[in-house]
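Reviewing the structure listed below.
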Amino acid sequence: MKDWEPKIVAFLCNWCSYGAADLAGVSRFQYPPYIRVIRIPCTGRLNPKFVLAAFRHGADGVWISGCHPGDCHYLEGNYYARRRFALLKSLLEYMGIEPERIHFSWVSSAEAGKFVEVVSEVTETVKKVGPLKYFMKKRPEVE
Amino acid sequence: MKEYIPKIREIARKLLEEEKVDAVLGFRKGTIPMMNEPFMARSASDVDLLYWDSNCGINLANYLHKRKEKIAVVAKGCDTRNIVNHIVENQVKRDQLYIIGIPCRGMIDRRQILAMFEGREIEEVDEDAENVIIKGDGLSETIPRVEVLQENCSICIHHNPVIYDEMVDEPVEEPDHVDRYDDIKAIEEMDPEERYQYFRDIFSPCIRCYACRNSCPLCYCPTCFVDESRPQWVGKSIDITDVMTFHFLRAFHCAGRCTDCGSCERACPVGIPMRLLTKKLEKDIRELYGYEAGMSLDERPPLDTYRPDDPEFFIK
Amino acid sequence: MSEVIIPKDELASFVGRLLESYEVFAPVARGGMYLFERISAADEADLSYKNTRLSPKGAFLPQSERMFEFTVAPGKEESGILKEAPKEFRERVLLGLRPCDAQAFKLVDVNFITKEYTDPWWARRREKAILVGLGCNEPRSTCFCTSTGGGPFSEKGLDVLLYDLGESFLARAVTEKGEQIVSFCSGKAPGESLKSKARELEAAARAKIRKSLPVDKLKEKDLLELFNGKFWEKIEFACINCGTCTFVCPTCWCFDIQDEVYKNDGDRLRNWDSCMFPIFTLHGSGHNPRAQKVQRVRQRFMHKLKYYVDKYGNGVACVGCGRCVVSCPVNIDIRRVMEVMTAEVCEREE
Ligand code: SF4
Ligand code: SF4
Ligand code: SF4
Ligand code: SF4
Ligand code: SF4
Ligand code: FES
Chain Y
319 MKDWEPKIVA FLCNWCSYGA ADLAGVSRFQ YPPYIRVIRI PCTGRLNPKF
369 VLAAFRHGAD GVWISGCHPG DCHYLEGNYY ARRRFALLKS LLEYMGIEPE
419 RIHFSWVSSA EAGKFVEVVS EVTETVKKVG PLKYFMKKRP EVE
Chain W
156 MKEYIPKIRE IARKLLEEEK VDAVLGFRKG TIPMMNEPFM ARSASDVDLL
206 YWDSNCGINL ANYLHKRKEK IAVVAKGCDT RNIVNHIVEN QVKRDQLYII
256 GIPCRGMIDR RQILAMFEGR EIEEVDEDAE NVIIKGDGLS ETIPRVEVLQ
306 ENCSICIHHN PVIYDEMVDE PVEEPDHVDR YDDIKAIEEM DPEERYQYFR
356 DIFSPCIRCY ACRNSCPLCY CPTCFVDESR PQWVGKSIDI TDVMTFHFLR
406 AFHCAGRCTD CGSCERACPV GIPMRLLTKK LEKDIRELYG YEAGMSLDER
456 PPLDTYRPDD PEFFIK
Chain B
4 MSEVIIPKDE LASFVGRLLE SYEVFAPVAR GGMYLFERIS AADEADLSYK
54 NTRLSPKGAF LPQSERMFEF TVAPGKEESG ILKEAPKEFR ERVLLGLRPC
104 DAQAFKLVDV NFITKEYTDP WWARRREKAI LVGLGCNEPR STCFCTSTGG
154 GPFSEKGLDV LLYDLGESFL ARAVTEKGEQ IVSFCSGKAP GESLKSKARE
204 LEAAARAKIR KSLPVDKLKE KDLLELFNGK FWEKIEFACI NCGTCTFVCP
254 TCWCFDIQDE VYKNDGDRLR NWDSCMFPIF TLHGSGHNPR AQKVQRVRQR
304 FMHKLKYYVD KYGNGVACVG CGRCVVSCPV NIDIRRVMEV MTAEVCEREE
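Going down the list, the protein sequences come from chains Y, W and B. Take 319 as the starting number for the first sequence in this note's numbering and just add one per residue. Take 156 as the starting number for the second sequence in this note's numbering and just add one per residue. Take 4 as the starting number for the third sequence in this note's numbering and just add one per residue.
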């Protein structure tokens, strides 16, 4: 376990959090290197299937980040998403995924500082809970 | 509930004879005890096949979507709520339907009765207002019906149709103190590891026949996510991760729409209580958004709308 | 062939001895139902059952099975080569299965073991199996094996037949393999009174199966007339295309092959499939020759009750176990379908 490094899949909205990642980069901010970024057009595009697919392929944590309420490029995508996320998080936890593995945030493209803060926090919590235990696809135990 | 039969037939006959509808959707008596078959009466000569008792737990709204003809449908409380869903989701038009409302006293849990008498052959199951009478080879038992109701019916709070064109009888009394979420709360109390193991045990007998999905009126996607292949979201073997992923996503697709009609559990050949997932979502939605599925034609489903001040305590 | 008596209180030690030499599959109680499963302890087997919810076909055709393995890891010698998944095929005893299910295996053999092709997994498991059947003292109200060429004490396909005589079992070897099993019982040969008791049970059980179905008429029916029958629309109405009927059925043999990949390694699996599923016949082009539900429902019954009959000439591909009747969530009853199919005048499409 000593050498274990968390794998965190970050679904970032193209219009805000993805830009924040860019800005953090050009500003030469340092942050933990464990996130794998997947750019999505809007948090409204985030299908729960994507999150299960991330776990299925062995992600130890998932982080979804989009525009602040009121600032969605498509006006209301994140409002719809917010309801979906509340239920998604709840059902994942209900079926045994630890709450430490699933994170949401609003980070605008100007908030490079917040971006770094959230990455650090997400990384810390996922590190604490350790490697994913369930919902990753392994070779099936069949005859 | 057999006393509703003459009235159902009378209404159906009138509608068909007067050509107010093209068909009447109901049940006909099954070939084995505690089983009836969804049935479409298309002419007055079919009417006497229409039947009703406490074994009509399959949700008839499942037979309505994308239909073109004018249909009368015999519907209990939960069925009418799924009909509301259908109308709101544009699967059927209100003016296409003539809803024959059933004040429902709950469906008999066939699985429970079969398990109670495992090893003895049940040949006939009859019922009156209070009791279920089970007969078979050297067998004659009377059980109060409240003891053998389907679990969802024993906690049902909408026995009466929420929309209808005509009722077959006076409404039944709705219970006022029902805790629908006993079992859900107990699971919420567990720690993640326990919860995972609990559900793993529950879902491991699943044979992926999809009777739960197919008996549900909410599932009408032209291509279900389990059948998608590019990409493939879920494997097809009985590997537990795939089975649980299937159940997770099936339940999620029912969020804010499930009426807890119990058709899914009733249909499952191996007795999996998959309502534990849909009911959890129902509870969350009630608590977070104050919404109950299928109650009104004027409300958007909760995942198809939002309020600017929706809870976001979980968002950084 | 030899007959011995196994007193019920010695059953567990008999099963225990079997477990030392064989893999044993037996009916096991699983929360309100029975399943036919591999057991690891003698007391798991419960021969007081009526029937298992799923058929025992999983003992030869598991619902999911790894056929091949592969790796595409660069630099490895076996990279890119599909290798048969290593597997042990131990001798196995199926203990206490119902006579109809044993007959079903014979019906399925014609599909998996043909002149041209042999399915190695099915064939190897079949070869290594000894079938110890348990006659049905009390056939269920949904049983109709006597119409499909079997019976509650039919020996077809079995190596040993057990009679439940109340205090004890009478075991009769039917084949040489069966003798091997019977030799595991330490019991005595049955006296005349027990033998006649067994005969009485057999007659009483047959008499209990009241339903007699017009199976023989299916042969004579014109295939196209059945295919074009208007009655299919009535039969199919309630069907939700769930596939339950095919999964519980001992004679349904269809499977689907899937590759699963984990990074550089992969498995080629086969899983039960069902002609009731729309994607069963979906072509790569997007065309689906059985896109309509009515076509799929017709396929299931035509396959069992007409195509199989005409192709193999050994009766219907149904052994009358009644599982689909019990488990169909909307009460589509193959007995009723058979009656409609064999009715004097088929209603035809205009
Ligand atoms: S859920 Fe309610 S309305 Fe539906 S069958 Fe049960 S008791 Fe009747
Ligand atoms: S998920 Fe089950 S209980 Fe809910 S509407 Fe569908 S069939 Fe009814
Ligand atoms: S009906 Fe039951 S066995 Fe079939 S897929 Fe659903 S849970 Fe699994
Ligand atoms: S079990 Fe019944 S409903 Fe399901 S596919 Fe078979 S016939 Fe149709
Ligand atoms: S078709 Fe039905 S009755 Fe016939 S063998 Fe299959 S499950 Fe049994
Ligand atoms: S565009 Fe960023 S959340 Fe909608």
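All C-beta atoms, glycine included, are put in the ideal place defined by N, C-alpha and C.
Asked: Stretch-stretch touch, CB-based, cutoff 8 Å, three pairs: the stretch 361-370 of chain W with the stretch 456-468 of chain W; Found: no
Asked: Distance, Ile312/W Cα to Glu321/W Cα; Found: 21 Å
Asked: Distance cut-off 6 Å: Val425/W Cβ against heavy atoms of ligand 3; Found: yes
Asked: Contacting positions in the stretch 13-43 of chain B - beta carbon closer than 9 Å to chain W; Found: Ala32, Arg33, Gly34, Gly35, Met36, Tyr37 and Leu38
Asked: Contacts that Glu461/Y makes with chain B (C-beta to C-beta distance below 8 Å); Found: Pro65, Ser67, Glu68, Arg69 and Lys90
Asked: Spatially closest choice to Leu21/B from Arg175/B, Phe187/B and Tyr52/B, by CA coordinates; Found: Phe187/B
Asked: Cutoff 7 Å: Val444/Y Cβ touching any chain W Cβ; Found: no
Asked: Residue-level contact to chain B via CB, Asn369/W, 7 Å cutoff; Found: yes
Asked: Proximity test, Gly337/Y beta-carbon vs ligand 6 heavy atom, cut-off 6 Å; Found: no
Asked: Bridge-paired residues (DSSP) for Arg183/W; Found: Glu192/W and Leu205/W
Asked: Where Trp424/Y meets chain W, residues with beta-carbon distance less than 7 Å; Found: Ile470
Asked: Contained alpha helix (DSSP H) runs [length at least 4] in the stretch 337-382 of chain W, N- to C-terminal order; Found: 337-344, 347-358 and 366-369
Asked: Contact with chain B by Pro428/W, beta-carbon distance below 7 Å; Found: no
Asked: Residue burial classification, Lys462/Y (beta-carbon count within 10 angstroms, cutoff 16); Found: Any question about residue 462/Y goes unanswered here, given that chain Y covers just 319 to 461.
Asked: Neighbour flag for Lys367/Y against chain W, beta carbons, 7 Å; Found: yes
Asked: Same chain, Cβ closer than 7 Å to Glu331/Y, five either side skipped, listed in chain order; Found: Residue 331/Y is actually Cys in this sequence, not Glu. These residues qualify, in order along the chain: Ile358, Cys360, Thr361, Ser383, Gly384 and Cys385.
Asked: Residue span of the alpha helix (DSSP H) that contains Ala167/W, given as start and end; Found: Ile160 to Glu172
Asked: Those residues which DSSP pairs with Gln261/B across a bridge; Found: Leu272/B
Asked: Straight-line gap, Tyr37/B to His421/Y (C-alpha atoms, nearest Å); Found: 43 Å
Asked: Nearest-angstrom Cα separation, counted from Phe234/B out to Val343/B; Found: 8 Å
Asked: Per-residue DSSP class, three states only, for Ala346/B; Found: coil
Asked: Residue environment, Ser199/B, which counts as buried when at least 16 other CB atoms sit within 10 Å; Found: exposed
Asked: Among Gln261/B, Thr247/B and Asp262/B, nearest to Cys255/B - alpha-carbon criterion; Found: Thr247/B
Asked: Ligand 8 heavy atom lying under 6 Å from the CB of Gly417/W; Found: Ligand 8 is absent from the structure shown, which contains only ligand 1, ligand 2, ligand 3, ligand 4, ligand 5 and ligand 6.
Asked: Minimum Cβ-Cβ distance from Ile260/B to chain W less than 7 Å; Found: no
Asked: Heavy atom of ligand 6 within 6 Å of Gly395/Y beta-carbon; Found: yes
Asked: Contact with chain W by Ser330/B, beta-carbon distance below 7 Å; Found: yes
Asked: Cβ-heavy atom distance, His421/Y to ligand 6, below 6 Å; Found: no
Asked: Between the CA atoms of Lys340/W and Asp334/W - distance to the nearest angstrom; Found: 10 Å
Asked: Val176/W versus Glu165/W, Arg197/W and Glu192/W, residue with shortest Cα-Cα distance; Found: Arg197/W
Asked: For Ala216/W, three-class secondary structure by DSSP; Found: helix
Asked: beta-carbon Trp333/Y near ligand 6 non-hydrogen atom, thresh 6 Å; Found: yes
Asked: Rounded straight-line distance, which links the Cα of Asp225/B to that of Glu353/B; Found: Model confidence at Glu353/B stands at a pLDDT of 41, short of 50, so the residue's coordinates are unreliable and nothing is read from them.
Asked: Whether Ile212/B touches Thr151/B by CB criterion (7 Å); Found: no
Asked: Cα-Cα separation, Lys296/B to Phe230/B; Found: 14 Å
Asked: contact_flag[the stretch 14-34 of chain B, the stretch 45-60 of chain B] where n(CB pairs < 8 Å) is 3 or more; Found: yes
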